[in-house]
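Undergrad:
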Amino acid sequence: MASILTAGLGFTEIAAYCLAGLGVLRHWGCTLAEAAAGAALLPAMLVSFLLQAAYLSGFPELIPALRLSVLATALGLIWRYRGLLHDIGRPLWRFSHDHPLAVSALGLSLVSLSVSYTHLRAHETNDLISY
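Residue numbers for the sequence shown follow numbering that gives the first Met the number 0, beginning at 0 and rising by one.
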């Protein structure tokens, strides 16, 4: 039960990164398709950067602080661009009805990323990551 809750929290964290990336990219003038593609790639790159930065620096204890600061920034960006995110809700809803397989694949990839991220964090050691 605790692992399901942890995976759910990991999914929420990944979803927050996606929404923040979507809002920022739309604010920068990207089309909806470009912003959605960038927002889908952002969590994988961000998670990889956080884990690599912490382990290469030799301070894996920094991971919780880094994650918390990046998550706080993402939540602040979601709040800041909430109007843009609200405006793209209808086109995304229409796209999800027109292309349910693509949306399902994206959702499954985000779930897979959050579960593997949660599994990776659960098996961390000071010197290496055991898979």
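Where a beta carbon is used, it is the ideal one built from N, C-alpha and C, also for glycine.
Taking C-alpha atoms, which residue in L31, Y54, W27 lies nearest to R89?
TA: As a position in the sequence shown, residue 89 is number 90, starting the count at 1. Minimum Cα distance to R89 is reached at L31.
Undergrad: Check whether the Cβ atoms of Y16 and L50 sit closer than 8 Å, and answer yes or no.
TA: Reading the sequence shown from its first residue, position 17 is the one you call residue 16. Reading the sequence shown from its first residue, position 51 is the one you call residue 50. Contact flag unset, no.
Undergrad: Can you tell me whether L113 is buried or exposed, with buried defined as 16 or more other CB within 10 angstroms of its CB?
TA: Position 114 of the sequence shown, counted from the first residue, corresponds to residue 113. According to the sequence provided, residue 113 is Ser. The question's Leu does not apply to it. S113 comes out buried.
Undergrad: From G82 to I13, what does the alpha carbon distance come to, in whole angstroms?
TA: Within the sequence shown, numbered from 1, the residue matching residue 82 stands at position 83. Within the sequence shown, numbered from 1, the residue matching residue 13 stands at position 14. Those two C-alpha atoms are separated by around 21 Å.
Undergrad: Check the C-beta distance from A39 over to L24 and give it rounded, since I have them as a contact under 8 Å.
TA: Residue mapping note: residue 39 aligns to position 40 of the sequence shown, counting from 1. Residue mapping note: residue 24 aligns to position 25 of the sequence shown, counting from 1. Not really, about 11 Å apart at Cβ, beyond 8 Å.
Undergrad: Go through its chain and collect everything with a Cβ distance to L100's Cβ below 8 Å, but skip five positions before and after it.
TA: Along the sequence shown, one-based indexing puts residue 100 at 101. Excluding residues within five positions, none has a Cβ falling inside 8 Å.
Undergrad: If I follow the unbroken alpha helix (DSSP H) through E33, where does it start and stop?
TA: Along the sequence shown, one-based indexing puts residue 33 at 34. Where E33 is concerned, the enclosing alpha helix (DSSP H) stretches over 31-56.
Undergrad: The alpha helix (DSSP H) with S78 in it runs from where to where?
TA: The sequence position of residue 78 within the sequence shown is 79, counting from 1. Sequence inspection shows Trp at residue 78; the Ser mentioned does not correspond to that position. Per DSSP, W78 belongs to the alpha helix (DSSP H) from 62-79.
Undergrad: Would you mind sorting A71 into buried or exposed? The rule is 16 or more other CB atoms within 10 Å of its CB.
TA: Looking up residue 71 in the sequence shown gives position 72. Under this definition A71 is an exposed residue.
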